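Asker: Starting off with a structure, shown below.
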Amino acid sequence: MDIYNKSVVELSKLLNKKKVSSLEMTDYFINRIKSFDPKLNSFITIDEDHARKQAKIADELIANNNNNLLTGIPIAHKDLFSTKGMLTTCASKMLENYTPPFDATIVNKLNEVGMVNIGKTNMDEFAMGSSNESSYFGVVKNPWDLKKVPGGSSGGSASAVAARLIPIATGSDTGGSIRQPASFCGLTGLKPTYGSVSRYGMIAYASSLDQGGPIATSAEDCALLFNKIKGYDKNDPTSNFNTDQDEVKLALKKQDTKNITIGIPKEYFSKDLDRNISDIIYQSIEVFKKLGFNFKEISLPDHDYTIPAYYIIASAEASSNLSRYDGVKFGHRCDKPKNLEDLYLRTRKEGFGKEVKKRIMIGAYALSSGYYDEYYMKALKIRRIIRDNFINAFKDVDYIFAPTCPSTAFDLGEKSSDALEMYLSDIYTTPVNLAGLPAISIPVGFSNNMPVGMQIIGNYFTEANILSIAHLFQEETGWHNRIPEDFDHE
Amino acid sequence: MFDKSKVKDVAKLAMIELDDEDLIYFSDEIVEFLKLVNQTDNLELSKIEPLYHAPEISLHAREDEVDKNPKNDGINSSPKHNGKHFIVPKVIE
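Keeping their order, the protein sequence lines are chains A and B.
Every number in the numbering used here is 1363 more than the matching position in the first sequence, counting from 1.
Every number in the numbering used here is 46 more than the matching position in the second sequence, counting from 1.
Following this line, the structure appears as structure tokens:
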């Protein structure tokens, strides 16, 4: 059974034509994970019994024609989505033994359509990282080069999909954590409009920035998953009523493209960007031009202030969100606490890793009396400038193209001792989160045998069109179908 | 100036116990981070309003009703409980 290299759309056809059952497909991918994942460490939990149970239900749905395009398709969830009865660790010692009593809305919706959850993917601890090196469960490796990082924080999801250990996975994007690993691993990753996908049951890092979404090989597969996870949810007070209830359709045709203008922000193509990446993106722009799209240089000023503002806001929100880990209600608890304060202090010392502690402390400092205006308030004002710059740009152009990252995947250990270098690798992704906009990263070529990603950024709730634009490109090119050589076999 | 004594204060606010090695590590790391943040010092922001939430929509609230079928049976997730209560070290002697 040679199906590892099939997209979700193709696997769905095989299931519908009864060429393969969901149970057979599930066993196939479980065996693939067992064979290949020891090289990658992309999974934290594999739950074979749970997966087979769901696969049998999916096979019944298919037999009774009660299925949809995702029924019976195996998926893996980033290990910050709560899964009832299945470990949810957030890649932290703090939650090493935590089994949630409920499902996240994303998980619940995908269970309801009959997807098969095989397990939970590795990530940076509490989603704080850009390389998947801060996981309590060890670093994840990039299937394109095992000496390189897969990106982060959804590094396990990206590594697993790139090696075709799973056809599709969920991720979350607070400052680029879907798009950056998708870019480093040659995949397609969608960060939806803030509020369009429920955050209920998604373990919080920075609540005003966090957004769940799909990581897959193609825009077509991302659209399938996005259709099933989006929508208003009363359990998430930041869920947006304006989220389009209609199914996203990849309806854009070549004849429509002449009416679409795409902005190229000059600040994003400065000397900070690797020259090879810049050249590859401009080559892909030529493909888009042949498809009929119009291009225009634009300016997104104050871009350099994004990283400080992002890390202050995210850390401030993290310091508040992670105060819930106190050794009382759930998660790790220190041994024999002398008193309540000792319980808090030692539980948090033992349970959190270094990067998480640092961000909690930066956040506590930025929110503390005497420093609130100097740091937190200033960051929020910069956020408005960044958001307004996008709004102004969208008066002039319909979409914006930008690099996803300033470089291709870097070496394991290369930036882990230099936090600022690591933070600066998020420079092209964080503005989108501060503004709450949707963006997709698609593979557009290779530099030194490593994948290069490009973002398509849209105005609020334009997922249908950015997915469509990505799909038109993927119909013309084959970058998204490339598979790392070491994993391109049974 | 952000030094080891400041790290101690912040660690107390954050309720994280630090040892001497941690104090050195985190004061170095946070000083470096603040250098990055201080690059924003020359920005004129007095007329800019803060933006807490990008969509600027008002958050909606649920009806103030108890869920009769709570999905979150939280007590069993506690590392120390008696089935009805969370157990913590004695607060009042």
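Glycine included, C-beta positions come from ideal geometry on N, C-alpha and C.
Since this is a predicted model, take the numbers as computed values, not measurements.
1) Should residue 1576 of chain A be flagged as near chain B, meaning a C-beta pair shorter than 8 Å?
2) Going by DSSP, what residue range makes up the alpha helix (DSSP H) through residue 1387 of chain A?
3) For a minimum of 4 consecutive residues, which ranges assigned as the alpha helix (DSSP H) are wholly contained in the stretch 1652–1687 of chain A?
4) Going straight from the alpha carbon of residue 1582 of chain A to that of residue 1591 of chain A, what length do you get?
5) By the 10 Å Cβ neighbour count, where 16 or more other Cβ atoms means buried, how is residue 98 of chain B classified, buried or exposed?
6) From this set, A/1793, A/1689, A/1509, A/1749, which residue's C-alpha is nearest residue 123 of chain B's C-alpha?
7) Taking 8 Å as the CB-CB limit, is residue 69 of chain B close to chain A?
8) Does DSSP put residue 53 of chain B in a helix, a strand or coil?
9) Quick check: is the beta carbon of residue 119 of chain B nearer than 8 Å to any beta carbon in chain A?
10) Near residue 1667 of chain A, which residues of its chain fall below 6 Å by C-beta distance, leaving aside the five closest residues on each side in sequence?
11) Can you tell me whether residue 1834 of chain A is buried or exposed? The criterion is at least 16 other CB atoms within 10 Å of its CB, across all chains shown.
12) Under 8 Å: do the stretch 1555–1574 of chain A and the stretch 1464–1478 of chain A share three or more Cβ pairs, one atom per stretch?
13) Is residue 1536 of chain A near residue 1492 of chain A, with beta carbons less than 8 Å apart?
14) Are there three or more Cβ pairs, one per stretch, closer than 8 Å when the stretch 1840–1848 of chain A is compared with the stretch 1594–1609 of chain A?
15) Can you tell me where the alpha helix (DSSP H) with residue 1376 of chain A in it begins and where it stops?
16) If the criterion is Cβ atoms closer than 8 Å, does the pair residue 1518 of chain A and residue 1485 of chain A meet it?
17) Name the residues in the stretch 84–95 of chain B whose C-beta lies less than 7 Å from a C-beta of chain A; which are they?
18) If you follow the alpha helix (DSSP H) that residue 1762 of chain A is in, where does it begin and where does it stop?
19) Would the stretch 1541–1556 of chain A count as touching the stretch 1500–1511 of chain A if we require 3 or more Cβ pairs under 8 Å?
20) Determine, using beta carbons only, whether residue 69 of chain B and residue 58 of chain B come nearer to each other than 8 Å.
21) Tell me whether residue 127 of chain B sits in a helix, a strand or coil according to DSSP, three-state version.
22) What separation, rounded to the nearest whole angstrom, lies between the Cα atoms of residue 1346 of chain A and residue 62 of chain B?
23) When the Cα of residue 1757 of chain A is compared with those of A/1738, A/1744, A/1798, which residue comes out closest?
Answerer: Let me lay it out:
1) Walking along the first sequence from the start, residue 1576 of chain A turns up at place 213. Taking Cβ atoms only, chain B never reaches closer than 8 Å to residue 1576 of chain A, which makes this a no.
2) Taking the first residue of the first sequence as 1, we reach residue 1387 of chain A at position 24. That run of the alpha helix (DSSP H) goes 1385–1403.
3) 1669–1684
4) The sequence position of residue 1582 of chain A within the first sequence is 219, counting from 1. The sequence position of residue 1591 of chain A within the first sequence is 228, counting from 1. Residue 1582 of chain A and residue 1591 of chain A: Cα-Cα distance of roughly 14 Å.
5) Numbered from 1 along the second sequence, position 52 holds the residue referred to as residue 98 of chain B. So residue 98 of chain B counts as exposed.
6) Walking along the second sequence from the start, residue 123 of chain B turns up at place 77. Measuring from the Cα of residue 123 of chain B, the nearest candidate turns out to be A/1689.
7) Within the second sequence, residue 69 of chain B is the residue found at index 23, counting from 1. Closer than 8 Å: no.
8) Position 7 of the second sequence holds residue 53 of chain B. Three-state result, residue 53 of chain B: helix.
9) Counting from 1 along the second sequence, the entry for residue 119 of chain B is found at position 73. Yes, its Cβ sits closer than 8 Å to a Cβ of chain A.
10) Mapped onto the first sequence, residue 1667 of chain A falls at position 304. If we look at residue 1667 of chain A and ignore the five residues flanking it on each side, it has no Cβ neighbours.
11) Translated into positions along the first sequence, residue 1834 of chain A becomes position 471. The residue in question, residue 1834 of chain A, is buried, as its Cβ has 16 or more Cβ neighbours within 10 Å.
12) yes
13) As a first step, residue 1536 of chain A must be located in the first sequence, where it is residue number 173. As a first step, residue 1492 of chain A must be located in the first sequence, where it is residue number 129. No, the pair does not count as a contact, with Cβ atoms beyond the cut-off.
14) no
15) On the first sequence, position 13 is the one that residue 1376 of chain A refers to. Its alpha helix (DSSP H) spans residues 1371–1379.
16) As a first step, residue 1518 of chain A is located in the first sequence; it is residue number 155 there, counting from the start. As a first step, residue 1485 of chain A is located in the first sequence; it is residue number 122 there, counting from the start. Their beta carbons are under 8 Å apart, which means residue 1518 of chain A touches residue 1485 of chain A by this criterion.
17) 85, 86, 89, 91, 94, 95
18) Start at 1 with the first residue of the first sequence, and residue 1762 of chain A comes out as number 399. Here residue 1762 of chain A belongs to no alpha helix (DSSP H); instead the beta strand (DSSP E) covers 1762–1766.
19) yes
20) Taking the second sequence and counting its residues from 1, one reaches residue 69 of chain B at position 23. Taking the second sequence and counting its residues from 1, one reaches residue 58 of chain B at position 12. Going by C-beta atoms, residue 69 of chain B is not nearer than 8 Å to residue 58 of chain B.
21) Stepping through the second sequence from its first residue, residue 127 of chain B is reached at position 81. Reduced to three states, the DSSP call for residue 127 of chain B is strand.
22) Outside the modelled stretch of chain A, which goes from 1364 to 1853, sits residue 1346 of chain A, for which no answer is possible.
23) Along the first sequence, read from residue 1 onward, the residue named residue 1757 of chain A stands at position 394. Residue 1757 of chain A has its Cα closest to that of A/1798, out of A/1738, A/1744, A/1798.
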